[in-house]
Structure formats: structure tokens, C-alpha cells
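Heads up, the final residue of the sequence shown is numbered 958 in our numbering, and it's a clean run with no missing numbers.
Ideal Cβ positions, reconstructed from N, Cα and C, are used throughout, including at glycine.
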Amino acid sequence: MIPSLIDSAVRLGALLPMSDIDEVLAMDPRQLLGIPLALVGAALLAFGAQYQSRGLNKVERIVGESAGAGLSIRHVLNLLRRPSWVSGTLLLGVAVLFQIASLSLSPLIIVQPIGVVGLVITSILNSRLSGVRLGKRVKTSIGLCVLGIVVFVTIAAFTASDQPVTDAKLITILIIFAVVLVLALLLFVAFRHQGVALIYIVGAGVLYGFVATFAKVVIGRLQQGEFEWLTWTCVGALLVGALLGMVFVQNAYSSGPPDLVVAGLTVIDPIVAVLIGIVVLNEAAGAPPWAIVAFVLSGAVAVIGVLGLAKFHPQTGHSALDTGVAGGGRIS
627 MIPSLIDSAV RLGALLPMSD IDEVLAMDPR QLLGIPLALV GAALLAFGAQ
677 YQSRGLNKVE RIVGESAGAG LSIRHVLNLL RRPSWVSGTL LLGVAVLFQI
727 ASLSLSPLII VQPIGVVGLV ITSILNSRLS GVRLGKRVKT SIGLCVLGIV
777 VFVTIAAFTA SDQPVTDAKL ITILIIFAVV LVLALLLFVA FRHQGVALIY
827 IVGAGVLYGF VATFAKVVIG RLQQGEFEWL TWTCVGALLV GALLGMVFVQ
877 NAYSSGPPDL VVAGLTVIDP IVAVLIGIVV LNEAAGAPPW AIVAFVLSGA
927 VAVIGVLGLA KFHPQTGHSA LDTGVAGGGR IS
């Protein structure tokens with residue numbers, strides 16, 4: 627699967643004008659330093675997600691109550707005593723630090739989609755620990771996720787460029803985020819008793835897309851020495867989005883496997899972040915029409931992969947309370 631993805635990227639590069647290639651090669655070499663940091667962050671995300679998922683599933687069996695309808699006080703208290711969940715949370719915290727470091731060095735559209743590497747790691751890790759064999763349809767869905775994101779970020783790297791974030795653009799992003807936040811809360815209230823993993827995953831992916839955008843904006847403002855009320859508002863929005871996204875993720879673990887959760891985050895998160903860059907920040911203002919079409923098609927391929935995982939993964943829709951589903955594993 628990996629060689630075919632590389633071949634696709636090479637063929638795509640062959641179709642690009644030399645002027646675009648020269649522009650990418652002329653990038654500040656320091657921008658490339660964020661890529662290895664993003665790769666490390668993706669690996670930490672994969673292991674953190676696996677540990678958190680296993681910890682929550684064990685707590686559900688201890689409490690005897692699914693967390694699909696929301697975490698109760700008993701769930702939270704038991705989670706804080708589970709070494710696996712605490713370890714996973716710490717790993718995710720370190721992954722966020724690596725992500726922030728990568729964003730401070732490289733453009734958002736380059737480093738954010740690299741998180742899809744975490745999907746491959748998580749899929750292999752979860753399959754080994756849970757003893758669940760991934761079928762052909764599941765592997766194809768994972769391949770679609772990776773292929774869609776690889777093509778998406780490759781085109782973005784060749785056609786997009788950083789633009790200054792004006793106050794007007796920042797206010798626009800904050801208004802859109804406020805609308806998304808209200809919709810996310812309404813979805814959570816409406817579907818919290820149905821245990822639909824995909825609802826939680828999509829919600830978390832969209833929220834984390836805004837979180838990544840706000841993180842990049844705050845870093846940029848700090849680097850420019852502009853730290854006024856709008857920047858503080860972005861910090862507040864970042865914290866709210868991260869907190870609600872974490873709640874969505876924990877509920878998703880109750881009714882879906884960790885690789886499905888990571889797929890949603892590593893596909894929907896970068897797509898949302900890049901769309902904000904294109905639509906609001908005008909980072910693709912100079913992109914040719916074919917690039918816009920390619921953005922839509924490659925994004926659709928990645929989303930189809932997520933939907934395929936949600937439909938065909940053997941652990942989807944099963945609670946940890948269902949015997950024989952969660953599998954074995956040695957994480958305590």
C-alpha cells in the first residue's frame with residue numbers, strides 16, 4: 627500500500643508546473659524542521675489514543691455502565707485511577723506539545739495532515755492488542771484515508787502560501803467557530819444516548835481543526851509581538867474547543883475502535899484546518915482551478931475512507947460491555 631501511495635505522489639508531482647516546484651524548493655529550510663516534529667507527534671497520538679481507549683473500556687467494565695451516553699462521575703473517578711488512561715492522556719499531552727512546536731516552524735497546511743501517519747500506527751497497534759483481524763474492506767478504507775490526505779497536502783504544499791492574519795479574518799474565524807460550537811453542543815445533546823461513534827468523531831475532528839488553526843494564529847501573533855484582546859479570545863476559543871473535543875473523543879471510544887477515532891481526527895481535522903486557510907485566510911488565492919477541484923476530490927476520498935472504517939470495522943458500534951468484542955491486550 628505504501629509504495630502505491632508514493633507512486634501516486636510522484637505522478638502528481640510530474641503534473642505540476644516547474645514554477646510551482648521551484649517555489650516549494652525555495653521555501654525557508656527552517657519550515658521543513660516542523661515535519662519530523664509532526665511525525666513524532668503523530669506516533670505519540672497513536673499510542674496515546676490506544677492507551678486511552680483501553681483504559682476507558684476497562685473502566686466501563688468495572689463500572690458496568692457504558693460511557694456512550696456521556697461520562698459519569700464514576701467513570702471520571704475510575705479513569706483517573708487507571709494507569710493506561712492516565713498514561714494515554716500524558717502521551718496525548720506530549721503529542722500536542724510536538725504539534726505546537728511543528729506549527730511554530732512550518733505552515734499549517736504542511737504539518738497538520740502529517741497526523742494521518744498516526745492512523746496507520748493505531749490500526750496496526752489496535753489489531754495486535756485487541757486480537758481483531760482487519761478485513762480487506764477495512765484496509766482499503768485506511769488506504770483511502772491515507773491516499774486522500776497525501777494528495778490533499780501535496781497539492782496544498784505546491785499551490786498555497788501563508789497570508790497575514792488580519793483582525794477581520796480572525797473575527798470571521800471566531801464567528802464561524804461560535805456557530806460550530808453551538809452545533810456541536812446540539813449534536814451532543816441530540817445523539818448522546820444513541821452511542822453513534824461517527825457523530826462524536828466528526829464533531830471532535832471539526833473542533834480540533836479549529837483548535838489547530840487557533841494555535842497557529844496565536845503562535846503567529848506571539849512571533850509578531852501582537853498579543854491583544856483578539857489573541858486572548860483565540861486562546862479562550864482554543865481551550866474551549868480542545869475541552870469539548872476531548873469529551874467527544876472519550877465518548878467515541880465507548881462505541882468505536884481507536885483507529886476509527888484517530889482516522890476521524892487525522893482526516894477531518896486537517897481538512898477543516900486547510901479549508902479555513904483556503905476560504906478565510908485566502909492561502910490558496912493563487913491556486914489554479916484544477917487545484918480547487920483536486921482539493922474537493924482528494925478530501926472526498928479521505929472522508930469516504932473514514933465512512934468505510936465506520937461501516938466495516940469489526941469493533942464499530944460495540945461497547946466494551948459486549949463480551950468478545952474488545953479483545954485481549956495487556957494494557958492495564
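With H, G and I counted as helix, E and B as strand and the rest as coil, what does DSSP make of V743?
Within the sequence shown, numbered from 1, the residue matching residue 743 stands at position 117. In the three-state DSSP reduction, V743 falls in the helix class (H, G or I).
When you compare only the Cα positions, how much space is there between L770 and E854?
Working through the sequence shown from its first residue, we reach residue 770 at position 144. Working through the sequence shown from its first residue, we reach residue 854 at position 228. Rounded to whole angstroms, L770 to E854 spans 42 angstroms at the Cα level.
Quick one: give me the first and last residue of the alpha helix (DSSP H) that R687 is part of.
Looking up residue 687 in the sequence shown gives position 61. Note, R687: alpha helix (DSSP H), 660-689.
Less than 8 angstroms between the beta carbons of G714 and A669, yes or no?
Your numbering for residue 714 matches position 88 in the sequence shown. Your numbering for residue 669 matches position 43 in the sequence shown. Going by C-beta atoms, G714 is not nearer than 8 angstroms to A669.
Mark W711 as exposed unless 16 or more other C-beta atoms lie within 10 angstroms of its C-beta, in which case mark it buried.
Taking the first residue of the sequence shown as position 1, residue 711 is located at position 85. It counts as buried.
Could you give the first and the last residue of the continuous alpha helix (DSSP H) run that contains V758?
Numbered from 1 along the sequence shown, position 132 holds the residue referred to as residue 758. Segment: none, V758 is in no alpha helix (DSSP H) and carries neither H nor E.
Can you give the Cα-Cα distance for V806 and V932, rounded to whole angstroms?
Translated into positions along the sequence shown, residue 806 becomes position 180. Translated into positions along the sequence shown, residue 932 becomes position 306. Those two C-alpha atoms are separated by around 21 angstroms.
State the DSSP-derived secondary structure class of G749, mapped to helix, strand or coil.
In the sequence shown, the residue the question calls residue 749 occupies position 123. Sequence inspection shows Ser at residue 749; the Gly mentioned does not correspond to that position. Reduced to three states, the DSSP call for S749 is helix.
Let me know if K842 comes out buried or exposed under the rule of 16 or more other beta-carbons within 10 Å of its beta-carbon.
Indexing the sequence shown from 1 puts residue 842 at position 216. Buried: at least 16 other Cβ atoms inside 10 Å.
For G903 and V685, what's the separation of their Cα atoms in angstroms?
Start at 1 with the first residue of the sequence shown, and residue 903 comes out as number 277. Start at 1 with the first residue of the sequence shown, and residue 685 comes out as number 59. Their backbone Cα atoms lie some 40 angstroms apart in a straight line.
Alpha carbon to alpha carbon, how far is L745 from G639? Give it in angstroms, no decimals.
Residue numbering aside, residue 639 sits at position 13 when the sequence shown is read from its first letter. Residue numbering aside, residue 745 sits at position 119 when the sequence shown is read from its first letter. Per-residue confidence for G639 stands at a pLDDT of 45, beneath the threshold of 50, marking its modelled position as unreliable; no derived number is given.
Following the continuous alpha helix (DSSP H) through N704, name the residue where it begins and the one where it ends.
For the purposes of this step, residue 704 is taken as the residue at position 78 of the sequence shown. Here the alpha helix (DSSP H) through N704 covers 699-705.
Going by the CB atoms, is the gap between L665 and G1024 shorter than 8 angstroms?
Residue coverage of the chain in this structure runs from 627 to 958, which leaves residue 1024 outside it and unanswerable.
Could you check how far apart the C-beta atoms of A672 and L751 are, in whole angstroms? I think they sit under 8 angstroms.
The sequence position of residue 672 within the sequence shown is 46, counting from 1. The sequence position of residue 751 within the sequence shown is 125, counting from 1. Taking the Cβ atoms as the reference, A672 lies roughly 6 angstroms from L751, within the contact range of under 8 angstroms.
Look up A913 in the DSSP assignment and say whether it is helix, strand or coil.
To locate residue 913, count along the sequence shown from 1; it is residue 287. DSSP places A913 in coil when its eight states are reduced to three.
Check whether the region 827-834 touches the region 891-899, taking contact to mean three or more Cβ pairs, one atom from each stretch, closer than 8 angstroms.
yes
Check each candidate in V906, P662, V887 and name the one with the smallest Cα separation from K795.
Position 169 of the sequence shown, counted from the start, is the residue given in the question as residue 795. Minimum Cα distance to K795 is reached at V906.
Which stretch, first to last residue, makes up the alpha helix (DSSP H) that contains S881?
Position 255 of the sequence shown holds residue 881. The continuous alpha helix (DSSP H) containing S881 extends over residues 855-881.
If you follow the alpha helix (DSSP H) that P884 is part of, which residue opens it and which one closes it?
Numbered from 1 along the sequence shown, position 258 holds the residue referred to as residue 884. Segment 884-905, the alpha helix (DSSP H) holding P884.
Nearest to V875 by CA position, among V722, L811, A823, is which residue?
Locating residue 875 in the sequence shown gives position 249, counting from the first residue. Ranking the options by Cα distance to V875, first place goes to A823.
Under a Cβ-count criterion, where at least 16 other Cβ atoms within 10 Å of its own Cβ denotes burial, should S698 be classed as buried or exposed?
By 1-based counting over the sequence shown, the position of residue 698 is 72. S698 is exposed by the Cβ-count criterion.
According to DSSP, simplified to helix, strand and coil, what is R754?
Counting from 1 along the sequence shown, the entry for residue 754 is found at position 128. Helix at R754.
Please confirm whether A868 and V888 have their CB atoms less than 8 angstroms apart.
Taking the first residue of the sequence shown as position 1, residue 868 is located at position 242. Taking the first residue of the sequence shown as position 1, residue 888 is located at position 262. No, the Cβ-Cβ distance between A868 and V888 is not below 8 angstroms.
Looking only at its chain, what residues have a beta carbon closer than 8 angstroms to the beta carbon of L651, apart from the 5 residues adjacent to it on each side?
Working through the sequence shown from its first residue, we reach residue 651 at position 25. Confidence at L651 is low in this model, with a pLDDT of 45, below 50, so its placement is unreliable and the value that follows should be read with caution. Excluding positions up to five away in sequence, the list is empty.
If you draw a straight line from the C-alpha of L731 to the C-alpha of D885, how long is it?
Here the question's residue 731 lines up with position 105 in the sequence shown. Here the question's residue 885 lines up with position 259 in the sequence shown. Between L731 and D885, the C-alpha separation is close to 28 angstroms.
Quick one: grab the DSSP three-state call for G835.
Indexing the sequence shown from 1 puts residue 835 at position 209. Here G835 sits in helix by DSSP.
Return the chain-ordered list of same chain residues with a C-beta closer than 7 angstroms to the C-beta of G618, the five sequence neighbours on each side being excluded.
Here the chain comprises residues numbered 627 to 958, so residue 618 is not present and cannot be evaluated.
Between the C-alpha atoms of D648 and G690, what's the straight-line distance to the nearest angstrom?
One-based indexing of the sequence shown puts residue 648 at position 22. One-based indexing of the sequence shown puts residue 690 at position 64. For D648, the predicted model reports a pLDDT of 49, less than 50, meaning its position is unreliable; a value from the coordinates is still stated below. The alpha-carbon atoms of D648 and G690 are separated by roughly 60 angstroms.
Starting from S710, trace the alpha helix (DSSP H) both ways and give me its first and last residue.
Taking the first residue of the sequence shown as 1, we reach residue 710 at position 84. Unbroken alpha helix (DSSP H) run through S710: 709-731.
Classify A917 as buried or exposed, calling it buried when 16 or more other Cβ atoms lie within 10 Å of its own Cβ.
Here residue 917 refers to the residue found at position 291 of the sequence shown. A917 comes out buried.
Identify whether V764 lies in helix, strand or coil by the three-state DSSP scheme.
Numbered from 1 along the sequence shown, position 138 holds the residue referred to as residue 764. In the three-state scheme derived from DSSP, where H, G and I count as helix and E and B as strand, V764 is classed as helix.
For a quick check, are the C-beta atoms of A878 and Y826 less than 8 angstroms apart?
The count along the sequence shown starts at 1 and reaches residue 878 at position 252. The count along the sequence shown starts at 1 and reaches residue 826 at position 200. Yes, Cβ-Cβ distance for A878 and Y826 is below 8 angstroms.
Three-state secondary structure (DSSP) at V828?
One-based indexing of the sequence shown puts residue 828 at position 202. Note: V828 maps to helix in three-state DSSP.
Does Q850 pass the burial test, meaning 16 or more other C-beta atoms within 10 Å, or should it be called exposed?
Position 224 of the sequence shown, counted from the start, is the residue given in the question as residue 850. Its Cβ having fewer than 16 others within 10 Å, Q850 is exposed.
By the three-class DSSP mapping on this structure, what secondary structure does V777 have?
Counting from 1 along the sequence shown, the entry for residue 777 is found at position 151. V777: helix per DSSP, three-state reduction.
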